[in-house]
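Below you'll find the structure, written out as structure tokens, and then a few comments.
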Amino acid sequence: LLLLLLSLLSAHGRDFTGKDIVYLHPSTTPFPRGFKCFTCEKAPDNYECNRWAPDVYCPRGTRYCFSQHMMKATGESVSVTKRCVPLEDCLATGCTYIKHEEYKVCTSCCEGTICNLPLPRNSTDAVFSTLAPLSGAQG
Numbered sequence: 324l325l326l327l328l329l330s331l332l333s334a335h336g337r338d339f340t341g342k343d344i345v346y347l348h349p350s351t352t353p354f355p356r357g358f359k360c361f362t363c364e365k366a367p368d369n370y371e372c373n374r375w376a377p378d379v380y381c382p383r384g385t386r387y388c389f390s391q392h393m394m395k396a397t398g399e400s401v402s403v404t405k406r407c408v409p410l411e412d413c414l415a416t417g418c419t420y421i422k423h424e425e426y427k428v429c430t431s432c433c434e435g436t437i438c439n440l441p442l443p444r445n446s447t448d449a450v451f452s453t454l455a456p457l458s459g460a461q462g
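Here our numbering = 1-based position in the sequence shown + 323.
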């Protein structure tokens, strides 16, 4: 029983990495510049979010992958939300403190297929990263 408990704790305490991604056969994108993002709503941590994320293309009208990470002051994950978003949802990235600094919420956006694998944990990670400058990326 102790071994089972320890294995559950160790499996739950690790993060999802590129080694965990199962690449399916490449498929034709449903429209030009189609892409995929990890998607989940209020998962308990990054591993659970990415582990169960559906392998589907983002809808038209979206262009970026969004990640929002709420954590305790200790850095322990409380909630992870990831989704496909339009530009407007990526204009306020960074970290903020809520509830008298009991929690920190970090938000990031990126451009590219499944680019939102890692979670933003601090102001260095909580950024908006694009493949090209925004002025040249419109269209």
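Using N, Cα and C, we set each Cβ at its ideal position, and we do this for glycine too. These numbers come from a predicted model, not from an experiment.
Task: Endpoints, beta strand (DSSP E) assigned at residue 399 - done: Residue 399 -> no beta strand (DSSP E), and no H or E assigned at all.
- [ ] Could you check which residue in 383, 416 and 405 has the C-alpha nearest to that of residue 370?
- [x] 405
Open item on the list: With the cut-off set at 9 Å, would you say residue 450 and residue 391 are in Cβ contact?
Closed with: no
TODO: Answer with buried or exposed for residue 366, where buried requires no fewer than 16 other C-beta atoms within 10 angstroms of its C-beta.
DONE: buried
Open item on the list: Taking 7 Å as the limit between beta carbons, can you name the residues of its chain near residue 446, skipping five residues before and five after?
Closed with: 417 and 418
- [ ] Could you tell me whether the region 434-441 touches the region 393-400, where touching means 3 or more Cβ pairs closer than 8 Å?
- [x] no
Open item on the list: Taking the alpha-carbon of residue 363 as reference, which of 383, 444, 448 and 408 has the nearest alpha-carbon?
Closed with: 408
Open item on the list: Here's the rule: buried if 16 or more other CB atoms are within 10 angstroms of the residue's CB, otherwise exposed. What is residue 333?
Closed with: For residue 333, the pLDDT reaches just 47, beneath the cut-off of 50, and the residue's location in the model is therefore unreliable, leaving the point undetermined.
Task: Unbroken alpha helix (DSSP H) run spanning residue 371, endpoints - done: 369-374
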